[in-house]
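Residue numbers (my numbering), protein chains in the order written: chain Y, 136 to 487; chain B, 6 to 574. Here the structure comes first, spelled out in structure tokens, and everything after it is commentary.
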Amino acid sequence: MGTHDTLRQARDFVRAQGGKMAPLLVSEEEINPQTQDDLSLQAYALEPTNACYQVHYQYPDDAAISEFSFFEDGRQRTVHIGFIKARFGSHEALIPVHYFIVAAVILQREQRNLKVWAQPLIKQGVLVQKSLVPNQSLLDEFESMGLVIEDTESEGGDYYELRNRALKKAKSLRLSVEDDLIRQWRLSHDAVDHFLVVDGTLMNFRDEQNIRQCVGVSKSFGSRYFSISENNRIMQMEEFQRSWVFQFHSPEEDIRMGARERISWYLRLRSRVNSGPEFGLIRVEISRHYRDNAPEYAERFSRSLLSERLPTSYPTPRWDKHLYPIRECENYLSSIMPSISTIAESMKGVLA
Amino acid sequence: MMDLDVFLNTSYGVIGRTASTKREPNTSGQFHFWLAKLGASDSTAAQVGDSSKGEIAPIEIGNIVAARSDKDNDITFGLVTEMRAYSDIDSFIADYLSHNFGDATIEVPTDISEVVVVTCSVMRNVSLKTKPVGRSRVYFPSRLGIQYAYGIVDENGESIFSGAIPIGIFENGDGTIAPVSVDEDFLVGPEGAHLNVSGISGLAAKTSAIEFVIKSLLTHSRKRIAVVMFNVKSKDLLYIDQPNTKLEEDDWSKNVYAELRIPLEAFANARFFAPADPSNRPHGSQSLRVLETEIFEWDLSMIYRDIPSLFNSMDWDDRMEGVWFVIREEIENERLLTYNQMLSWVSRQINQANDARPPRQWIRGNHIATWNKMRSHLQRFPRSYRGLIATGGEGRDIPWQELNSGSVYVIDMQMLNDRGQRLVFGRAVSTISRKLESGELDLDAVIVFVDELNKFAPSGNVRTPLKSRLIDITARGRSLGLILFGAEQFASSVDKEIVENSSTYLFGRTETNELRTPNYAAFSDEIKAKLTMLSQGRLLVKFAKFPQPIFVRFPYPPCLPGDMFNAAT
């Protein structure tokens with residue numbers, strides 16, 4: 136189903152349930168910007184931590200050399216479009232309804248030009264707590280007509296909690312389409328002898344096998360995994376230096392065991408002169424599969440990532456660590472998603 | 006349902022897609038599209054070689070494109086008037102940073118995304134409805150598409166002109182060529198008429214263009230047409246009866262002549278006329294042409310009506326006119342038959358008045374000083390207009406009565422000063438006009454071609470009899486059959502009415518300053534920029550029936566440029 140049909144059905148769904156249209160001109164993602172959620176992990180070093188390591192990278196001779204040809208990113212947009220009156224026990228409650236769209240794309244680089252690999256994966260529909268929807272048969276009817284209705288699965292019918300749930304659900308759906316697209320790529324002929332650069336952490340992808348050819352690049356990180364002095368060493372790394380390779384610790388009792396044993400290291404893409412300690416600092420992740428030769432892989436991928444620092448993504452907010460091909464993934468996804476104003480106007484019946 | 010494919014070069018494939026944005030919407034008069042990467046999919050550039058993969062279509066300002074609606078129910082043709090290359094670079098500082106803080110030699114692994122957005126002026130659409138262009142795939146048009154876009158042919162390729170006169174070849178970005186014709190009824194009347202060509206001397210090939218158009222006209226026209234050309238400088242038109250040796254070496258030109266069905270022949274029957282050479286009587290002319298040339302000079306009976314126009318406007322006033330009326334009466338009563346007789350008669354009147362006792366101050370109601378002034382001017386004219394005035398015997402005029410269909414007369418007047426040239430040109434125009442009006446000539450039209458038109462009809466408020474006559478000709482001459490083909494360096498230097506009354510306008514390479522004048526206001530900045538760089542042999546054609554101007558290329562003229570004559574021999 137196309138975007139306009141989905142938007143029209145979403146509007147009809149709210150109205151059919153006796154709800155009111157109340158589209159917001161801002162997405163939940165903008166209201167609640169996400170932070171990395173891998174803050175509580177522990178890590179242990181696979182190399183000595185008493186010094187940082189100079190990447191064997193010759194600038195400018197190596198500037199155009201990067202082994203990466205594939206780049207992946209996903210985006211989500213969750214917009215409050217209305218609310219429905221529902222019975223919750225003896226109370227009457229209002230439950231929010233959201234329109235969501237999640238998408239993932241892989242860009243392929245050929246002769247320095249980017250193009251879309253295969254097809255982007257897109258999923259869109261409505262987010263609502265299904266159990267509280269008053270007319271369940273109408274809900275079934277809309278689903279049978281093709282409207283995707285995802286359950287926000289809350290208890291208690293709290294409006295704010297449900298909005299928060301919608302956001303999390305959208306994230307989960309986005310990770311799911313990213314996971315599917317990565318799988319599709321991994322199983323394709325194109326993936327042979329290639330690695331895929333993924334925007335953000337790989338921690339959210341549970342299937343170790345699926346991310347075996349992925350290189351995650353995180354731009355923000357709020358946690359410290361080493362002692363203060365060791366962490367300071369990372370913060371004071373110079374341009375073209377990387378930290379020691381480390382592996383995240385995963386306790387046996389962790390239900391996501393295995394998912395968080397990824398290999399990682401920090402890398403300074405740019406000189407931090409006259410800038411903060413995080414300027415140009417990224418954290419790279421690869422599968423635990425490479426544990427035995429982790430420093431070699433760190434050296435190898437760091438060289439390519441140092442080349443990827445140009446061209447810059449200026450003036451995006453984190454241009455110092457935002458890889459240009461990843462930014463183009465974002466631009467592509469933005470271009471295929473309906474704008475907030477289109478969503479809002481559709482709910483008023485102007486466009487859809 | 007009409008087969009839309011016939012209008013498109015489908016084998017080349019899709020070259021872009023139309024896009025309408027909030028800030029720059031498509032309208033019924035203009036649309037935008039971005040250029041696709043060739044070979045990006047099966048439907049694009051099926052015929053493009055591997056070397057072109059990833060490249061964009063070779064399109065430029067002045068090309069024609071065809072936007073086929075996604076609903077497959079219409080094609081809109083557009084003239085490329087503007088091209089802009091947008092990149093992902095937000096500012097110059099962003100690009101500076103992207104090159105590692107100013108390293109201009111750095112090579113980066115990813116090229117910055119760039120898109121070329123093309124703006125087109127709508128020419129015509131297949132549905133013939135006035136509406137904005139919606140989502141469409143953009144192609145190069147086929148040859149039929151190009152000619153349809155310009156309203157030269159209908160959807161079946163049949164000419165919709167009453168008579169098609171080829172004026173050159175249009176070459177599109179994909180290599181498709183299409184003959185470009187104008188409607189005879191709008192070139193030589195009666196619906197519209199006149200042609201003007203402007204451009205920098207030596208670079209615009211104005212004379213060559215006119216010669217080619219005239220050759221085409223004489224070949225294809227169904228009307229009875231004669232041509233009178235005025236050679237105003239050097240040997241420009243003095244050897245148009247000789248074949249152009251350059252043509253033999255130029256296959257492209259030869260192919261164009263074949264394609265347009267124009268014989269590769271010079272104006273072999275052209276007749277050349279020049280003022281007599283008083284120092285080389287009786288047959289010597291002042292022409293630079295060394296081959297056969299006929300002479301002309303006017304005796305008193307031929308020229309006396311034009312004598313007032315020989316005066317400088319500051320010398321001509323009511324008193325002079327009073328004296329002239331007396332002299333003219335004597336001429337019309339056939340008491341004065343030659344110019345010398347007239348001079349003697351005037352001198353005698355003055356002498357008689359001086360010899361009278363007491364001397365008479367007034368001669369036939371006019372003061373003797375005015376007579377003296379008149380005499381001095383009349384004595385000067387045979388020298389000022391050397392070779393034009395037969396002072397003694399009978400004069401020989403250009404044989405206008407022998408003008409018939411296919412005649413080409415070349416009047417050489419390059420040796421004359423500006424006033425002499427104005428006299429020759431003015432007399433010719435009046436005579437032809439009079440003969441056409443009276444039906445003495447068995448012709449539908451006489452084309453008068455003159456270079457440096459600004460000399461005869463300059464812009465500004467100054468009115469001269471010749472300029473007024475030319476304005477009148479361009480305004481009403483088409484009904485008479487008197488057609489003006491004019492050329493000049495700067496259109497702005499020619500009277501506005503004359504330029505605006507021309508139904509066909511050819512622009513050659515033009516200077517930037519000239520392009521700032523109102524004559525070019527309708528052109529986009531990019532079209533103007535292209536005009537400043539136009540190579541020889543290429544012109545921008547504005548024709549009354551074309552929805553948009555068109556860049557055409559024309560071949561070498563069939564006749565020898567005058568300055569090549571010696572080399573050719």
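Idealized CB from N, CA, C, for every residue including glycine. Bear in mind that the values here come from a model prediction, so they are computed numbers and not experimental data.
For this session: For residue 159 of chain B, collect the residues of the same chain with a Cβ closer than 6 Å to its Cβ; drop the 5 residues on either side in sequence, then sort them by chain order.
Result: Exclusion of the five residues before and after residue 159 of chain B leaves 165 as the residues of its chain whose Cβ lies within less than 6 Å of its Cβ.
Exercise. What is the C-beta distance between residue 476 of chain B and residue 453 of chain B, in whole angstroms, given that I count them as a contact (C-beta under 8 Å)?
Worked result: With a Cβ gap of about 14 Å, residue 476 of chain B and residue 453 of chain B do not count as contacting.
For this session: With DSSP as the reference, label residue 233 of chain B as helix, strand or coil.
Result: Note: residue 233 of chain B maps to strand in three-state DSSP.
Problem set entry | For residue 485 of chain B and residue 442 of chain B, the rounded distance between their alpha carbons | So the two alpha carbons sit approximately 6 Å from each other.
Exercise. Which residues, in chain order, does the stretch 233-264 of chain Y contribute to contact with chain B at a C-beta distance below 8 Å?
Worked result: For the stretch 233-264 of chain Y, which is checked against every Cβ of chain B, the residues closer than 8 Å are 244, 245, 246, 247, 248, 249 and 250.
Exercise. Do you know whose CA, among Y:163, Y:229, Y:250 and Y:197, lies nearest residue 214 of chain Y's CA?
Worked result: Selected option, being the one with the closest Cα: Y:163.
Problem set entry | Neighbour list for residue 115 of chain B in chain Y, Cβ cutoff strictly below 7 Å | By Cβ distance, chain Y contributes 244, 247, 249, 446, 459 and 460.
Problem set entry | Sufficient close CB pairs (3 or more, under 8 Å) joining the stretch 453-465 of chain Y to the stretch 200-217 of chain Y | The answer is yes - the stretch 200-217 of chain Y touches the stretch 453-465 of chain Y, with three or more Cβ pairs under 8 Å.
Problem set entry | Residue range of the unbroken alpha helix (DSSP H) whose run includes residue 412 of chain Y | Run containing residue 412 of chain Y: none; DSSP gives neither H nor E here.
Exercise. Quick one: which chain Y residues come within Cβ less than 7 Å of residue 112 of chain B?
Worked result: Close to residue 112 of chain B, with beta-carbon spacing below 7 Å, are these residues of chain Y in chain order: 198 and 199.
Problem set entry | Helix, strand or coil at residue 556 of chain B according to DSSP, with G and I counted as helix | In the structure shown, residue 556 of chain B sits in a strand (DSSP, three-state: E or B).
Exercise. To the nearest whole angstrom, what separates the beta carbons of residue 205 of chain Y and residue 243 of chain Y, a pair I think is in contact under 8 Å?
Worked result: So it is a contact: roughly 6 Å between Cβ atoms.
Exercise. Helix, strand or coil: how does DSSP classify residue 179 of chain Y here?
Worked result: Here residue 179 of chain Y sits in strand by DSSP.
Exercise. Taking the alpha carbon of residue 436 of chain Y as the point to measure from, which residue in Y:202, Y:161 and Y:142 has its own alpha carbon closest?
Worked result: Out of Y:202, Y:161 and Y:142, the CA that lies nearest to the CA of residue 436 of chain Y is found in Y:202.
For this session: Starting from residue 354 of chain B, follow the alpha helix (DSSP H) in both directions and report where the run begins and ends.
Result: Counted as a single uninterrupted DSSP element, the alpha helix (DSSP H) harbouring residue 354 of chain B occupies residues 344-360.
Exercise. From the beta carbon of residue 437 of chain Y, is the nearest beta carbon of chain B less than 7 Å away?
Worked result: Contact of residue 437 of chain Y with chain B is not assigned, every C-beta pair being separated by 7 Å or more.
Exercise. Which of helix, strand or coil does DSSP assign to residue 187 of chain Y?
Worked result: Here residue 187 of chain Y sits in coil by DSSP.
Exercise. Near residue 470 of chain Y, what residues of its chain come up, given a Cβ to Cβ distance below 6 Å and the 5 sequence neighbours on each side ignored?
Worked result: In its chain, beyond the 5 residues on either side, no residue has a beta carbon closer than 6 Å to the beta carbon of residue 470 of chain Y.
For this session: Determine whether the Cβ of residue 75 of chain B lies closer than 7 Å to any Cβ atom of chain Y.
Result: With 7 Å as the cut-off, residue 75 of chain B does not count as an interface residue toward chain Y.
Exercise. If you draw a straight line from the alpha carbon of residue 389 of chain B to that of residue 279 of chain B, how long is it in whole angstroms?
Worked result: Approximately 16 Å between the Cα atoms of the pair.
Exercise. Buried or exposed: which applies to residue 513 of chain B, given that a residue is buried once 16 or more other Cβ atoms fall within 10 Å of its Cβ?
Worked result: Taking all protein chains in view, the Cβ of residue 513 of chain B is crowded by 16 or more other Cβ atoms within 10 Å, so the residue is classified as buried.
Exercise. Can you pull the DSSP bridge partners for residue 35 of chain B?
Worked result: Answer is B:126.
Problem set entry | Exposure label - residue 160 of chain Y; buried when at least 16 CB within 10 Å | Answer is exposed; the Cβ neighbour count stays below 16.
For this session: Pick out whichever of B:290, B:305 and B:460 has its Cα sitting closest to the Cα of residue 299 of chain B.
Result: Taking only the C-alpha atoms, the option nearest residue 299 of chain B is B:290.
For this session: Taking the CB atoms as reference points, tell me whether residue 84 of chain B and residue 553 of chain B lie closer together than 7 Å.
Result: Cβ distance < 7 Å, so residue 84 of chain B and residue 553 of chain B count as in contact.
Exercise. At a CB-CB cut-off below 9 Å, which residues of chain Y make contact with residue 99 of chain B?
Worked result: Going along chain Y in sequence order, the residues near residue 99 of chain B (Cβ under 9 Å) are 446, 447, 448, 449, 450 and 454.
Exercise. Cα separation between residue 65 of chain B and residue 244 of chain B?
Worked result: The straight-line gap from Cα to Cα measures roughly 37 Å.
For this session: Could you pull out every unbroken alpha helix (DSSP H) segment of at least 4 residues lying fully inside the stretch 505-558 of chain B, listed in chain order?
Result: Within the stretch 505-558 of chain B, the complete alpha helix (DSSP H) runs of at least 4 residues are 517-520 and 530-538.
For this session: Give the secondary structure of residue 375 of chain Y by DSSP, where H, G and I count as helix, E and B as strand, and everything else as coil.
Result: Note: residue 375 of chain Y maps to coil in three-state DSSP.
For this session: Leaving aside the five residues before and after residue 252 of chain Y along the sequence, list all residues of the same chain whose C-beta is less than 6 Å from its C-beta, in chain order.
Result: Taken in chain order, the residues that qualify are 241 and 243.
For this session: For residue 371 of chain Y, count neighbouring C-beta atoms within 10 Å of its own C-beta (all shown protein chains included) and say buried if the count is 16 or more, exposed if not.
Result: With fewer than 16 other Cβ atoms from the protein chains shown falling within 10 Å of its own Cβ, residue 371 of chain Y counts as exposed.
Problem set entry | Residues within the stretch 338-372 of chain Y neighbouring chain B, beta-carbon criterion of under 8 Å | Of all residues in the stretch 338-372 of chain Y, none has a Cβ within less than 8 Å of some Cβ in chain B.
Problem set entry | Euclidean distance between Cα positions of residue 482 of chain Y and residue 216 of chain Y | Take the alpha-carbon of residue 482 of chain Y and the one of residue 216 of chain Y: they are about 7 Å apart.
Problem set entry | chain Y contacts made by the stretch 229-256 of chain B, where a contact means CB separation under 8 Å | So nothing in the stretch comes that close.
Exercise. By the 10 Å Cβ neighbour count, where 16 or more other Cβ atoms means buried, how is residue 171 of chain B classified, buried or exposed?
Worked result: Label assigned to residue 171 of chain B: buried.
For this session: Tell me whether residue 250 of chain B is buried or exposed, calling it buried when 16 or more other Cβ atoms sit within 10 Å of its Cβ.
Result: With a threshold of 16 other beta carbon atoms within 10 Å, residue 250 of chain B falls short and is exposed.
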